[in-house]
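For the sequence shown, the working numbering gives the first residue as 32, with consecutive numbering after it. Built from N, CA and C at the ideal position, the CB exists for glycine as well. Model, not experiment: these values are computed from the prediction. Working notes, beginning with the structure itself.
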Amino acid sequence: MRIAFGSDQSGGSGIWVAEADGSNAREVFAREDWATYHPEWSPDGRQLVFAFKGPGEHDIYKTSAEGGTALRLTSDPIDELTPFWSRDSRWIYFSSAKTGRFEVWKIPAEGGEAVQVTHDGGFAPRESPAGDWLYYVASEREHATLWRTKTTRGEAEKVLPSVYRGCFSPVKDGVYFLTSVGAREFELRFIALKNGPITTLERMTAWSMGRLTVSPDQKSIVFRRVDDDVDVDIMMIENFR
32 MRIAFGSDQS GGSGIWVAEA DGSNAREVFA REDWATYHPE WSPDGRQLVF
82 AFKGPGEHDI YKTSAEGGTA LRLTSDPIDE LTPFWSRDSR WIYFSSAKTG
132 RFEVWKIPAE GGEAVQVTHD GGFAPRESPA GDWLYYVASE REHATLWRTK
182 TTRGEAEKVL PSVYRGCFSP VKDGVYFLTS VGAREFELRF IALKNGPITT
232 LERMTAWSMG RLTVSPDQKS IVFRRVDDDV DVDIMMIENF R
């Protein structure tokens, strides 16, 4: 398994890839003066999509996982964040505030016109592994409701009343998510969608948490942890279930 992450270890802000244990790390996209966020893999593992803040607002870009020229997909004068590739590789979902608040949009993976997906608030979109459901939180706020809707459209269903900073990862039989349970205290939980029980898997201490991803075999989970000294680390838990 490989991981992708943003880092300033080379002196500027860049997108890096590495093995799951952190070895063989290399930079595939770099800019000295600007910021990069939210890298996500294409379904075939050959490309990355990410948010990049240049001289204006954040826009969505994609690049080869081997490095090279990045293709800009959006250019609106408003923040566009949290991209995620559709499971069929045809679309890239993202969050945009172009209507005055964050909503989920999607754009053809090869570039083209963006299409609005949600209309009552939406942020941090992610498809289910089968590509039949689209999950998202209601807003960019620290605590927001988790929703899902069929990718073929339909009424949205509430999944959870609160998820911390859009930190969730849908799997075949449920959703892993982070929740804040006190000052600098967080719990990793799992909700089974078939019968609804919520299981607490791990309790953690941190200043802040972010960007939760579960491996396809559900044996590893990767997330971002911000410590008290504001150092940001990529963490992995193995065999947690």
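Length of the line joining the Cα atoms of residue i and residue j
i, j, result
"Gly42", "Ala56", "15 Å"
"Ser54", "Ala237", "24 Å"
"Ala101", "Tyr92", "6 Å"
"Ser170", "Gly85", "24 Å"
"Tyr201", "Val257", "According to the sequence shown, residue 201 is Pro rather than Tyr. If I take the Cα positions, the gap works out to 23 Å."
"Pro108", "Gln40", "29 Å"
"Tyr166", "Arg62", "31 Å"
"Gly138", "Arg196", "The question names Gly, but residue 138 is Ile in the sequence shown. So the alpha carbons of these two residues sit roughly 23 Å apart."
"Thr113", "Thr105", "13 Å"
"Arg184", "Val135", "13 Å"
"Ile268", "Ala223", "20 Å"
"Pro70", "Leu209", "19 Å"
"Asn270", "Ser251", "6 Å"
"Thr182", "Val194", "21 Å"
"Asp52", "Arg255", "14 Å"
"Glu188", "Val206", "14 Å"
"Ala140", "Tyr124", "9 Å"
For residue i, the nearest candidate out of the options (CA to CA)
i, options, result
"Ser48", "His89, Ala66, Ser95 and Ser106", "For clarity, residue 48 is Val in the given sequence; the question names Ser instead. Nearest of His89, Ala66, Ser95 and Ser106 to Val48, Cα basis: Ser95."
"Ala155", "Ala214, Trp178 and Pro139", "Trp178"
"Phe60", "Gly45, Arg184 and Gly152", "Gly45"
"Ala35", "His150, Gly98 and Ala169", "Gly98"
"Glu88", "Arg103, Leu79 and Asp75", "Arg103"
"Val8", "Ala161, Gly142 and Ala128", "With the chain covering only 32 through 272, there is no way to say anything about residue 8."
"Asp225", "Ala140, Phe83 and Asp204", "The amino acid at residue 225 is misidentified as Asp; the sequence shows Lys. Looking at the Cα atoms, Asp204 is the closest of the given residues."
"Arg215", "Ala51, Asp90, Met235 and Ile265", "Met235"
"Phe217", "Gly131, Trp122, Gly227 and Ser239", "Ser239"
"Ala66", "Phe83, Asp264, Asp52 and Ser159", "Phe83"
"Asp264", "Glu158, Arg242, Gln249 and Arg157", "Arg242"
"Ile229", "Gln249, Val190 and Met266", "Val190"
Residues bridged to residue i (per DSSP)
i, result
"Arg234", "Glu218"
"Ala66", "Lys84"
"Ile252", "Val245 and Ile268"
"Lys189", "Trp178"
"Ile109", "Answer is none; Ile109 lacks a bridge partner."
"Glu50", "Arg33"
"Phe115", "Tyr124"
C-beta atoms of residue i and residue j nearer than 9 Å
i, j, result
"Glu111", "Ser126", "yes"
"Glu173", "Ser211", "yes"
"Ser120", "Ser73", "yes"
"Val168", "Trp116", "no"
"Arg33", "Glu50", "yes"
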